[in-house]
Amino acid sequence: MGAGDCIDDLDRDMEWEQKECGGPEPPINQTIIVGTSIQKRMPCVTKATSDSVRMASAADIQPFTLSASIDLEPLVQLAFTNQDAVDPIFSESPLSSPPHSPLPPNFSDSSTSTPLPGPSSIAETTQAQSRSKQRSKELRKRKREAEKEDATAYEPPPPTKRRHIEPGIERCQVVQLDVSRFRASGNGFTGHHSRTGYQPGEYTLREMVGPNSRFKFNLLQWNGSFTLPIVDQTRRIWVICISNPRDKEWGAVTTRAADKLMKLRSRVAFTTKQKSGSRRGQLFTLNTGVVNGLGLKAPITRKQANKKSSAVVDELLADADFRRIAGHGSGAFRTWQENIWQSYAQNKKDLQAHDASLCWNYNNSIFAAAAFNFGPRVVSLDHVDFENRPDGFCAVTALCPSEGGYDYKTGGHLILWDLHLVVEFPPGTTILLPSAILRHSNVSIGANEHRMSFAQYSSGHLFRFVERGFRTEEDFFASLTPRDRKYEEERDGRRWKESLNNFATLDDVLNDRM
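Using our numbering, the first residue of the sequence shown is number 293, and each one after it goes up by one.
Structure, rendered in structure tokens:
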């Protein structure tokens with residue numbers, strides 16, 4: 293889904309078939325429509341002096357004998373030469389006239405005559421034409437894939453956008469939201485680094501929704517067949533539940549991806565820290581891609597703790613199914629958050645130009661990093677991903693293996709604590725959310741159920757690094773005059789509040805769909 297696979301998987305357009313029209317000849321005096329002209333087909337008869345036309349009888353027909361002195365060859369050649377000649381009154385422009393018919397072979401020389409093709413020759417010609425059409429089709433397909441290969445260049449066509457946007461806007465979920473509650477870091481490039489204020493542990497669906505539940509959140513039912521945006525009272529889009537591609541194979545794609553995680557899990561050499569889990573839960577995660585922060589002086593390609601884990605990540609990054617899933621999330625991101633997506637694209641271009649050694653996960657995805665959550669029982673706890681950009685998005689895809697999956701009606705839901713919503717999260721579907729500021733987790737699943745996930749994200753430190761002129765925070769401010777330093781500090785203080793304008797509204801999406 294190159295930007296193109298997203299955009300393949302946001303879409304399987306129907307092709308119109310051209311059919312030839314046929315039928316019996318129209319009767320005499322019937323009106324015939326040819327293009328935009330109307331003609332009358334009239335009978336052709338010879339005028340007779342009698343009241344009726346006398347039909348010729350067999351006795352009237354006399355045989356005609358051609359004289360042997362007549363040389364036929366020049367006459368035939370002349371006929372072929374003049375057969376395309378037209379009356380000057382009806383002549384056409386040389387640019388639109390049909391080509392003249394070729395001259396016939398020399399009848400006097402039988403050795404130069406062209407034999408009629410036999411059945412085997414016709415069959416070979418038909419097969420060659422079929423192969424030629426197939427090659428042309430494959431070349432066109434490769435061209436489309438090449439155009440979609442670069443995520444920073446590909447844009448979904450307007451019909452594709454309309455097909456996803458219009459049904460989504462009709463079904464959007466509106467929530468009341470006080471954005472002043474959200475906080476970012478001091479410079480506005482990442483979320484607020486707070487480890488308090490979260491609900492500990494897992495919660496069942498019964499504890500989250502219903503009149504007798506503990507939290508009394510609202511349940512949002514969604515099966516993945518349509519896009520469902522969640523907006524606030526100003527029509528600002530905060531969460532997008534993305535519809536699955538119109539592809540019967542999509543379920544098989546995501547199931548194979550889950551089975552791959554199940555299969556490779558035993559080959560991963562998880563560290564003690566990875567086994568013990570984190571504030572997000574015990575997810576058994578391998579992160580990969582371009583990252584920054586945590587004391588780094590510049591972005592790096594994240595390395596694994598050991599060779600076994602590195603080999604597993606390499607195999608997953610080369611997997612065609614995960615590549616399709618990655619492109620799908622990236623394409624949906626652009627469709628619903630064009631302005632923010634563009635800043636991601638520019639950041640990726642700038643980093644690639646600055647350091648060509650950085651290895652990006654997928655060319656068809658705009659995100660810098662990804663997390664493979666092996667589970668096999670992925671239930672995240674209440675948290676925010678504060679290292680990410682506060683006005684950025686991450687794409688989370690729920691995965692269910694072919695055996696021992698989970699029931700999305702009873703568990704695995706996405707809990708949006710700030711929105712007081714519990715959203716059904718079917719296997720194989722993708723949800724986009726600003727994970728650096730929105731608290732989120734999952735509803736608990738059964739003890740014997742299996743659930744994995746695949747998440748794509750970009751660290752806010754990548755944007756800070758580019759904004760600071762490819763320097764660390766310390767080096768950047770050390771290079772400034774006192775006056776410039778004050779200006780930059782004031783700018784940092786405004787960044788998060790101003791970045792709220794980067795979030796698309798429903799009106800923005802409607803205006804951009806054409």
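Cβ coordinates follow ideal geometry from the N, Cα and C atoms, glycine included.
Please read all numbers here as calculations on a predicted model, not as lab measurements.
Item                                                                                                                                                                             : Value
Which residues in the same chain as Asp524 place their Cβ atom closer than 8 Å to its Cβ, once the five residues preceding and following it in sequence are excluded?            : Val466, Val467, Gln468, Leu469, Val471, Trp530
What are the start and end residues of the beta strand (DSSP E) that includes Ala505?                                                                                            : Strictly speaking, residue 505 in this sequence is Ser, with Ala absent from that position. Premise fails: Ser505 is in no beta strand (DSSP E) and is neither H nor E.
Judging by CA-CA distance, which residue of Pro726, Ser672, Gln638 is the nearest neighbour of Val735?                                                                           : Ser672
Going residue by residue through the region 593-629, where are the continuous alpha helix (DSSP H) segments of at least 4 residues, counting only ones entirely within it?       : 599-609, 612-628
Using a Cβ-Cβ cutoff of less than 7 Å, which residues in the same chain neighbour Thr764 once the five nearest sequence positions on both sides are dropped?                     : Lys589
Out of Leu578, Gly785, Leu586, point me to the one whose CA is closest to Lys599's CA.                                                                                           : Leu578
Bridge partners of Gln465, per DSSP?                                                                                                                                             : Ile522
On the three-state DSSP scale, how would you describe Leu802?                                                                                                                    : helix
Is Arg548 helix, strand or coil by DSSP?                                                                                                                                         : helix
Rounded to whole angstroms, how far is the Cβ of Ser727 from the Cβ of Asp677, which I believe are closer than 8 Å?                                                              : 4 Å
Where does Thr526 land, buried or exposed, given buried means 16+ other C-beta within 10 angstroms?                                                                              : exposed
What beta strand (DSSP E) runs, 3 residues minimum, are completely inside the region 667-745?                                                                                    : 686-691, 706-708, 713-715, 722-725, 732-734
Mapping DSSP to helix, strand and coil, what is Thr564?                                                                                                                          : helix
Which value, in whole angstroms, describes the spacing of the CA atoms of Glu447 and Arg626?                                                                                     : 8 Å
Would you check if there are 3 or more beta carbon pairs closer than 8 Å linking the region 595-611 to the region 554-563?                                                       : yes
Just verifying my parser: in three-state terms, what is the DSSP assignment at Phe664?                                                                                           : strand
Would you please state the rounded distance, in angstroms, between the beta carbons of Pro248 and Asn515? I believe it to be under 8 Å.                                          : Nothing about residue 248 can be reported from this structure: the residues present for the chain run from 293 to 806 only.
Helix, strand or coil for Ala645? Go by DSSP, reduced to three states.                                                                                                           : helix
Please look up how many angstroms separate the CB atoms of Leu520 and Gly460, rounded, as I've assumed it's under 8 Å.                                                           : 6 Å
Just to confirm my understanding: we take Val545, look at its own chain, exclude 5 residues before and 5 after, and list those with CB closer than 6 Å. What are they?           : Asp613, Arg616
In the DSSP assignment, find the unbroken alpha helix (DSSP H) run with Val758 in it and report its ends.                                                                        : 752-759
For Thr580, does the three-state DSSP call read helix, strand or coil?                                                                                                           : strand
Taking 7 Å as the line, does the beta carbon of Ala687 fall inside it for any heavy atom of the ligand ATP?                                                                      : Ligands in the displayed structure: none, and consequently the ligand ATP is not present.
Label Ile325 either buried or exposed according to how many other C-beta atoms from any shown protein chain fall within 10 Å of its C-beta, with 16 as the threshold for buried. : Bear in mind that the predicted position of Ile325 carries a pLDDT of just 32, short of 50, making it unreliable; the figure below should be weighed with that in mind. So Ile325 ends up on the exposed side.
Have a look at Arg787, Leu724, Asp776, Glu741 and flag the residue whose alpha-carbon is nearest the alpha-carbon of Arg756.                                                     : Arg787
For Thr797, does the three-state DSSP call read helix, strand or coil?                                                                                                           : strand
Look at the alpha carbon of Gly697 and the alpha carbon of Pro451, and state the distance between them as a whole number of angstroms.                                           : 35 Å
Are Ser535 and His456 touching if we call contact CB-CB under 8 Å?                                                                                                               : yes
Could you pull the start and end residues of the beta strand (DSSP E) that Trp530 belongs to?                                                                                    : 529-534
Could you give the DSSP three-state label for Gly516: helix, strand or coil?                                                                                                     : coil
With distance defined between alpha-carbon atoms, name the residue in Asn665, Thr580, Asn479, Thr418 nearest to Tyr654.                                                          : Thr580
With burial defined as no fewer than 16 other Cβ atoms inside 10 Å of the residue's Cβ, what is the status of Glu679: buried or exposed?                                         : buried
Which residues in the same chain as Arg252 place their Cβ atom closer than 7 Å to its Cβ, once the five residues preceding and following it in sequence are excluded?            : This structure leaves residue 252 out entirely; the chain is present only between 293 and 806.
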